[in-house]
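Chemist:
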Amino acid sequence: MEALIGNVCEGGLVEALNTRVYGNGTQALVLSHGYGSDQSVWHYLIPCLAFYFKVVVFDFAFSPNVNPKFYDPNKYSSSVGFDSYAHDLICILDQLNVTNTVYVGHSMYLNARKYDGGFNKEELNTIFNTIHKNFSAWVRAFTPVAIGVNNSHAITEFETSLGRMKPEIALSVAKTVFLSDLRRVLPQVHVPSTIIQSKKDVIVPKFIAYYLKKKLGGHARVRILKAQGHFPQLTAYPLLLHVLKKVLVLD
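According to full-length UniProt numbering, the sequence shown is numbered sequentially starting from 1.
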C-alpha cells in the first residue's frame, strides 16, 4: 500500500490512519502522538481543546491501530522516514482541506556527538537487542520508566499501546527515533515554537528543551512543567492544558 507517489498524495490516508476531527472551531489544531502510543494518548485534552479548535488526531503508520501492511520499512526507516511521516500528515490535511494549523507534537529524540540524549550507545544497543529477543519483557520494563511516576492508569495505557505494536515494526521505529540526527534541520525551522518539557524526564532530559530553543531558526520559548515523566498528557494533563491554553492565548 503506497500513500505517496513522489510528492503526490493518494486518496484513502484519512481512513487508513484513522483520522478523526473534533470540534467546530475555525482554527485547526493537530495533536500528534509519539513512539509506542496512538491518538488516544490525547484523550484527556481533546474535550477542552475541541471547544476552541477543530482538533485533528490520527495514527502514525507504526501505530498498532493501523494495518501493519501499511508500514514500509524502506519508506519509514532512517532519518528519511521522518519526511515520509510528515508527508502523510500533509496528505491528511490536504484531504481535509486544512490549509493552516497549529501543530502539537509529542516527543523527539537525538543521540549524537556533542549532544547527549537520554541514552548512550551501549544502552541503545541493549534496548534494540531486547526488543528483538523479548519484546514483551522490554515493554514491561520500559513502560514505567517512560511514565516516570506511580500512575497505574497511565502505565496500563502506554503498556497496552506499546505492547500491541508488531515487534519488527517497534524495532524499526525505535532505531529511526533513537538513532536519527536531524540537527541540521533545526535552523531551517522558522515557525514560532513553544517547547513544553517535564521537569524530570529520563527519556528526554530537560536540557534538550533549551538546546532546541537555541538551535531553532525561528522564535522559540521553553515552558517547564512541574511534573515528571515523558507523558504529561497522561500524568499531568491539567498542568499541560493550563500551559497550552496560555501558549495558545485561550485564557
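The beta-carbon is built from N, C-alpha and C at its ideal position, and this holds for glycine as well.
Quantities reported herein were computed from a predicted structural model and do not represent experimental measurements.
1) Name the two residues that bound the continuous alpha helix (DSSP H) containing lysine 175.
2) Keeping to the same chain, check which residues put their C-beta closer than 6 Å to that of aspartate 38; ignore five residues upstream and five downstream.
3) Report the residue ranges of all alpha helix (DSSP H) runs contained in full by the segment 60 to 84; include only those spanning at least 4 residues, in chain order.
4) Anyone know if the C-beta pair for leucine 29 and phenylalanine 53 falls short of 8 Å?
5) For the structure I just gave you, are there three or more beta carbon pairs, one from the segment 133 to 141 and one from the segment 152 to 171, closer than 8 Å?
6) Please name the residue, chosen from Lys214, Leu182, Pro205, that lies closest to alanine 227 on a Cα-to-Cα basis.
7) Is the beta carbon of tyrosine 237 sitting closer than 8 Å to the one on tyrosine 44?
8) Assuming valine 92 and threonine 176 form a contact by the criterion Cβ under 8 Å, report the distance between their Cβ atoms to the nearest whole angstrom.
9) Do the segment 206 to 222 and the segment 121 to 130 meet, that is, are 3 or more Cβ pairs less than 8 Å apart?
10) By DSSP, does alanine 227 sit in helix, in strand, or in coil?
11) What does the alpha-carbon distance come out to for the pair glutamine 188 and histidine 219?
12) Kindly list the residues whose CB is nearer than 6 Å to the CB of asparagine 151, restricted to its own chain and excluding five residues on each side of it in sequence; keep chain order.
13) Since glycine 105 and serine 180 are thought to touch, with beta carbons under 8 Å apart, how far apart are those beta carbons, to the nearest angstrom?
14) Which first and last residues belong to the alpha helix (DSSP H) in which tyrosine 44 is found?
15) Who are the near neighbours of tyrosine 115 in its chain, counting only those whose CB is closer than 6 Å to its CB and skipping five residues on each side?
16) When DSSP labels each residue in this structure, what does glutamate 10 get in the three-state scheme?
17) What residue range does the alpha helix (DSSP H) around leucine 241 cover?
Modeler: In short:
1) 167 to 179
2) Same-chain partners within the cutoff: Asp59, Ser63, Asn65, Ser161.
3) 73 to 76
4) yes
5) yes
6) Pro205
7) yes
8) According to the sequence shown, residue 92 is isoleucine rather than valine. That pair is no contact at about 20 Å.
9) no
10) strand
11) Approximately 12 Å, taken between the alpha carbons.
12) Thr235
13) Contact doesn't hold; Cβ gap of about 15 Å is too wide.
14) Per DSSP, tyrosine 44 belongs to no alpha helix (DSSP H) and is neither H nor E.
15) Low confidence applies here, because tyrosine 115 scores a pLDDT of 47, under 50, leaving its location unreliable and the question unanswered by this model.
16) coil
17) 237 to 247
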